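Going down the list, the sequences are from chains R and H. So for the first sequence, numbering that gives the first Met the number 0 puts the first residue at 0; every next one is plus one. So for the second sequence, numbering that gives the first Met the number 0 puts the first residue at 0; every next one is plus one. Cβ atoms here follow ideal geometry from the backbone N, Cα and C, with glycine treated the same way. All values reported here derive from a predicted model rather than from experimental measurement.
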Amino acid sequence: MSKLLEIALGLVTGIGGFLEAGSLSTSAQAGAAFGFQLVWPIVLGTVCIAFLVEMGGRLAAVSRHTLPDAMRERFGVRFFSVVLVAVVLVSFLVLASEIGGISLALQLATGIRFQWWAPVVALAVWLLLWAHNFGLVEKGASLLGLVTLVFVVAAFRLHVPVNELGAHALPSLPQHDGARYWFMAVSIIGASVSPYLFYFYSAGAIEDEWDESYLGVNRVIAGIGMGFGGGIAVAVLAGAAMVFHSRGIQIDRYEQIPLLLAEPLGRWGFILFVASLGIACFGAALEIALQIAYLVAQGFGWKWGENLKPSEAARFTLVYTIAILLAGLLIFTGIDPLKLTIFSMALTALSLPITVVPLLILMNDPQYVGEHGNHWIANAAVLFISIVACIVAVVAIPLQLLGGS
Amino acid sequence: MELGHAVLDQQVRDRKGELMGKVDGIVLELRGSKAPRVARLVIGGGTAARRIHPRFADWLLGWRRRWGPKDDQPVEIPWSQVLKIGIDVKVDLDAERTSAWAWEAWVRDHIIGRIPGA
Numbered sequence: 000m001s002k003l004l005e006i007a008l009g010l011v012t013g014i015g016g017f018l019e020a021g022s023l024s025t026s027a028q029a030g031a032a033f034g035f036q037l038v039w040p041i042v043l044g045t046v047c048i049a050f051l052v053e054m055g056g057r058l059a060a061v062s063r064h065t066l067p068d069a070m071r072e073r074f075g076v077r078f079f080s081v082v083l084v085a086v087v088l089v090s091f092l093v094l095a096s097e098i099g100g101i102s103l104a105l106q107l108a109t110g111i112r113f114q115w116w117a118p119v120v121a122l123a124v125w126l127l128l129w130a131h132n133f134g135l136v137e138k139g140a141s142l143l144g145l146v147t148l149v150f151v152v153a154a155f156r157l158h159v160p161v162n163e164l165g166a167h168a169l170p171s172l173p174q175h176d177g178a179r180y181w182f183m184a185v186s187i188i189g190a191s192v193s194p195y196l197f198y199f200y201s202a203g204a205i206e207d208e209w210d211e212s213y214l215g216v217n218r219v220i221a222g223i224g225m226g227f228g229g230g231i232a233v234a235v236l237a238g239a240a241m242v243f244h245s246r247g248i249q250i251d252r253y254e255q256i257p258l259l260l261a262e263p264l265g266r267w268g269f270i271l272f273v274a275s276l277g278i279a280c281f282g283a284a285l286e287i288a289l290q291i292a293y294l295v296a297q298g299f300g301w302k303w304g305e306n307l308k309p310s311e312a313a314r315f316t317l318v319y320t321i322a323i324l325l326a327g328l329l330i331f332t333g334i335d336p337l338k339l340t341i342f343s344m345a346l347t348a349l350s351l352p353i354t355v356v357p358l359l360i361l362m363n364d365p366q367y368v369g370e371h372g373n374h375w376i377a378n379a380a381v382l383f384i385s386i387v388a389c390i391v392a393v394v395a396i397p398l399q400l401l402g403g404s
Numbered sequence: 000m001e002l003g004h005a006v007l008d009q010q011v012r013d014r015k016g017e018l019m020g021k022v023d024g025i026v027l028e029l030r031g032s033k034a035p036r037v038a039r040l041v042i043g044g045g046t047a048a049r050r051i052h053p054r055f056a057d058w059l060l061g062w063r064r065r066w067g068p069k070d071d072q073p074v075e076i077p078w079s080q081v082l083k084i085g086i087d088v089k090v091d092l093d094a095e096r097t098s099a100w101a102w103e104a105w106v107r108d109h110i111i112g113r114i115p116g117a
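Below, the structure written as structure tokens:
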């Protein structure tokens with residue numbers, strides 16, 4: 000495949016795949032509660048994930064190791080099992096959040112309660128993976144995911160004051176509701192820096208047999224793809240600030256969020272919101288379910304691959320089957336999808352040092368990346384953002400739980 | 000010894016390049032006054048579990064005795080059958096003729112294979 004085409008496909012995947020249940024709901028909630036003030040966590044999170052995705056791709060291209068392979072080899076089975084448990088747990092909660100998001104989109108479209116949709120959605124996600132034609136499905140979902148660009152259109156139609164928005168790219172202290180402010184800030188960072196993104200990306204680079212000649216492609220896809228993706232999240236926040244914050248409305252249920260598009264775009268806005276939510280979450284759910292299976296299979300040396308028949312990689316298949324089944328069940332219990340999502344994102348932020356630091360160590364080890372080791376800026380940025388996010392999460396999560404929102 | 004440590008937790012592939020598992024343990028041969036030598040590589044969940052925590056391994060093996068394939072034995076690979084050590088450890092074996100895929104086959108025959116379309 001020509002490199003230009005690969006860049007184009009990679010960018011579509013990055014842009015169309017960035018927005019999912021986590022970034023959509025955290026950005027919308029933050030815009031409603033604090034106006035433009037929480038743009039900075041989106042910026043920080045996007046910078047961090049762009050670096051991490053680039054590292055995952057570079058590790059695969061230079062060392063020909065997937066991330067779990069390299070981690071287990073470098074750190075041994077004991078430490079690897081800690082990372083494995085942390086990433087699987089966080090990814091599972093995010094998977095459930097995505098299934099919740101799709102179910103909610105179906106509830107908005109049909110009026111039938113989301114929990115009844117959960118088994119249908121789980122079955123659909125599973126069937127597409129079971130049909131082992133994932134490459135096509137994923138590219139289709141990413142292409143359709145470009146519908147989320149409608150949030151950018153909406154932000155323009157709402158005449159978002161760009162200068163004021165830009166001014167909040169740097170952090171500022173809250174004027175009210177400090178605990179909620181910091182909790183939302185870490186949730187937003189967690190939503191951007193979901194580990195499934197770079198684990199999944201690095202597994203894809205191995206399957207596409209990347210070598211050193213792909214380092215440039217990798218940099219472009221990671222930087223521009225994630226950058227534009229983050230831009231969509233900023234548009235969601237800005238739109239929510241214009242529609243909800245200006246009227247003093249807080250978002251505490253998914254059903255309120257369509258107004259974000261319905262106000263500037265009318266009936267079509269509502270339809271496009273439902274489509275965006277459903278498609279974005281569906282694409283993410285496929286990736287996360289697959290990534291959980293990749294991680295476990297690669298960590299234990301089992302046969303894995305998106306194009307193997309289920310019977311040719313039985314244990315791999317079993318892992319995603321169980322993950323999807325349990326995630327579907329969790330939503331079927333009627334748990335509030337929005338609360339689950341926000342909480343999962345905060346937990347993701349909390350777990351960042353465990354999921355990110357091992358990757359940083361690998362990216363500075365000449366045995367793996369040779370002369371293509373990390374620049375100190377990449378090390379410093381990722382380390383700083385993940386440690387700060389973790390510390391804030393340690394303080395903000397208990398406060399949020401005690402405050403009982 | 001150094002080599003032994005380097006191969007621990009590496010991916011093992013058979014002669015066809017199929018994924019067999021990880022190097023979960025190594026068996027060293029003590030040779031009196033001379034430096035110990037790697038005698039065998041071991042692939043086996045119980046071996047890996049023991050390196051995480053002995054009690055975890057006991058619990059896991061107890062559970063696996065009651066439930067799972069009958070030929071659930073660790074695979075021991077003599078050092079002489081190691082072909083190449085690079086990104087992976089390539090061994091001169093056929094994964095299908097060892098017990099490396101005992102669990103793979105068990106999951107396929109008892110769970111995944113029973114679902115239509117597998």
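For the candidate residues R:Lys-338, R:Leu-351, R:Asp-335, R:Leu-128, whose alpha-carbon lies nearest to that of Phe-315 (chain R)? Here the closest residue by C-alpha is R:Leu-128.
Sufficient close CB pairs (3 or more, under 8 Å) joining the region 8-16 of chain R to the region 214-222 of chain R: Cβ pair count under 8 Å is three or more, so yes.
Can you list, in chain order, the residues of its chain whose CB lies under 8 Å from that of Ile-111 (chain H), leaving out five sequence neighbours each side? Correct list, in chain order: Ala-117.
Look at the Cβ atom of Ile-98 (chain R), then the Cβ atom of Ala-239 (chain R), and state whether they are nearer than 8 Å. Cβ atoms of Ile-98 (chain R) and Ala-239 (chain R): not closer than 8 Å.
The region 66-93 of chain H: positions lying closer than 8 Å to chain R by Cβ: Hits within the stretch, in order: Ile-86.
What number of angstroms, rounded off, separates the C-alpha of Lys-417 (chain R) from the C-alpha of Ile-101 (chain R)? Beyond the ends of chain R as shown, which are 0 and 404, falls residue 417 (chain R); an answer cannot be given.
Which chain R residues are close to Arg-113 (chain H), counting only those with a beta carbon under 8 Å from its beta carbon? The premise fails here: Arg-113 (chain H) is roughly 10 Å from chain R at the closest Cβ pair, so nothing lies under 8 Å.
Of all the residues that make up the region 14-29 of chain H, which are near chain R by a beta-carbon distance shorter than 9 Å? Residues of the region 14-29 of chain H with a C-beta atom less than 9 Å from some C-beta of chain R are Glu-17, Leu-18, Met-19, Gly-20, Lys-21, Val-22, Asp-23, listed in chain order.
Would the beta-carbon of Pro-170 (chain R) fall within 8 Å of that of Val-89 (chain R)? Taking 8 Å as the Cβ cut-off, Pro-170 (chain R) and Val-89 (chain R) do not qualify as a contacting pair.
Starting from Gly-369 (chain R), trace the beta strand (DSSP E) both ways and give me its first and last residue. No beta strand (DSSP E) contains Gly-369 (chain R), which DSSP labels as neither H nor E.
What is the residue span of the beta strand (DSSP E) that Pro-257 (chain R) lies within? Where Pro-257 (chain R) is concerned, there is no enclosing beta strand (DSSP E), given that its DSSP letter is neither H nor E.
Using a cut-off of 7 Å between C-beta atoms, extract the partners of His-64 (chain R) located in chain H. Near His-64 (chain R) (Cβ distances below 7 Å), the residues of chain H are Ile-86.
Any C-beta of chain R sitting closer than 8 Å to the C-beta of Gly-45 (chain H)? False, the Cβ-Cβ gap to chain R never drops below 8 Å.
With DSSP as the reference, label Pro-68 (chain H) as helix, strand or coil. Coil, per DSSP.
Within 10 Å of its beta-carbon, does Phe-299 (chain R) have 16 or more other beta-carbons around it, so buried, or fewer, so exposed? The residue in question, Phe-299 (chain R), is buried, as its Cβ has 16 or more Cβ neighbours within 10 Å.
Mapping DSSP to helix, strand and coil, what is Gly-24 (chain H)? Under the three-state reduction of DSSP, Gly-24 (chain H) is assigned to strand.
Would you call the region 342-353 of chain R and the region 106-116 of chain R in contact, with 3 or more CB pairs under 8 Å? Fewer than three Cβ pairs drawn from the region 342-353 of chain R and the region 106-116 of chain R lie within less than 8 Å of each other, which leaves the two stretches out of contact.
Verify the CB distance criterion: does Asp-8 (chain H) have a CB-CB separation below 8 Å to chain R? The C-beta of Asp-8 (chain H) comes closer than 8 Å to at least one C-beta of chain R.
Against chain R, with Cβ distances strictly below 8 Å, would Glu-95 (chain H) count as a contact? Closer than 8 Å: no.
What residue range does the beta strand (DSSP E) around Arg-39 (chain H) cover? 33-42 is the extent of the beta strand (DSSP E) around Arg-39 (chain H).
For Glu-75 (chain H), name the three-state secondary structure that DSSP assigns. Note: Glu-75 (chain H) maps to strand in three-state DSSP.
Per DSSP, Gln-106 (chain R) is paired with what? For Gln-106 (chain R), no pairing in a beta bridge is given by DSSP.
Using a Cβ-Cβ distance cut-off of 8 Å, determine whether Trp-129 (chain R) contacts chain H. At least one beta carbon of chain H lies nearer than 8 Å to the beta carbon of Trp-129 (chain R).
Given Ser-385 (chain R), which residues of its chain have a CB within under 6 Å of its CB, disregarding the five upstream and five downstream residues? So the qualifying residues of the chain are Leu-351, Pro-352, Val-355.
How about Asp-13 (chain H) and Ala-94 (chain H): do their beta carbons lie closer than 8 Å? Yes.
Where are the alpha helix (DSSP H) runs, 4 residues long or more, that stay fully inside the region 9-78 of chain R, in chain order? If one requires a minimum length of 4 residues, the alpha helix (DSSP H) runs lying completely within the region 9-78 of chain R are 20-33, 38-62, in chain order.
Smallest Cα separation from Arg-77 (chain R): which of H:Val-41, H:Ala-48, H:Ala-5? Across the set H:Val-41, H:Ala-48, H:Ala-5, the C-alpha of H:Ala-48 shows the shortest separation from the C-alpha of Arg-77 (chain R).
So that I know if they touch, is there some Cβ in chain H lying closer than 8 Å to that of Asp-68 (chain R)? So yes, Asp-68 (chain R) belongs to the interface.
Considering only the alpha carbon of each residue, which of R:Met-54, R:Phe-197, R:His-175, R:Phe-74 lies closest to Ile-287 (chain R)? Residue R:Phe-197 is the option with its Cα nearest to Ile-287 (chain R).
So does the region 58-70 of chain R actually touch the region 204-214 of chain R, counting three or more Cβ pairs closer than 8 Å? Between the region 58-70 of chain R and the region 204-214 of chain R there are three or more C-beta pairs closer than 8 Å, enough to call the two in contact.
Sort R:Ala-123, R:Pro-357, R:Ala-32, R:Gly-230 by Cα distance to Val-242 (chain R) and report the nearest one. Minimum Cα distance to Val-242 (chain R) is reached at R:Ala-32.
Based on Cα-Cα distance, which residue from R:Ile-323, R:Ala-322, R:Trp-301, R:Leu-324 lies nearest to Leu-313 (chain R)? Just to set this straight, residue 313 (chain R) is Ala in the shown sequence, not Leu. In terms of CA proximity to Ala-313 (chain R), R:Trp-301 leads the group R:Ile-323, R:Ala-322, R:Trp-301, R:Leu-324.
Helix, strand or coil, according to DSSP, for Leu-172 (chain R) in the structure here? Three-state DSSP puts Leu-172 (chain R) in coil, outside helix and strand.
Where the beta strand (DSSP E) containing Gln-10 (chain H) begins and where it ends: DSSP places Gln-10 (chain H) inside the beta strand (DSSP E), whose first and last residues are 10-12.
Which partner residues of Ile-84 (chain H) appear in the DSSP bridge assignment? Paired residues: H:Val-88.
Return the first residue and the last residue of the alpha helix (DSSP H) that Val-161 (chain R) is part of. From DSSP, the alpha helix (DSSP H) with Val-161 (chain R) extends over 161-166.
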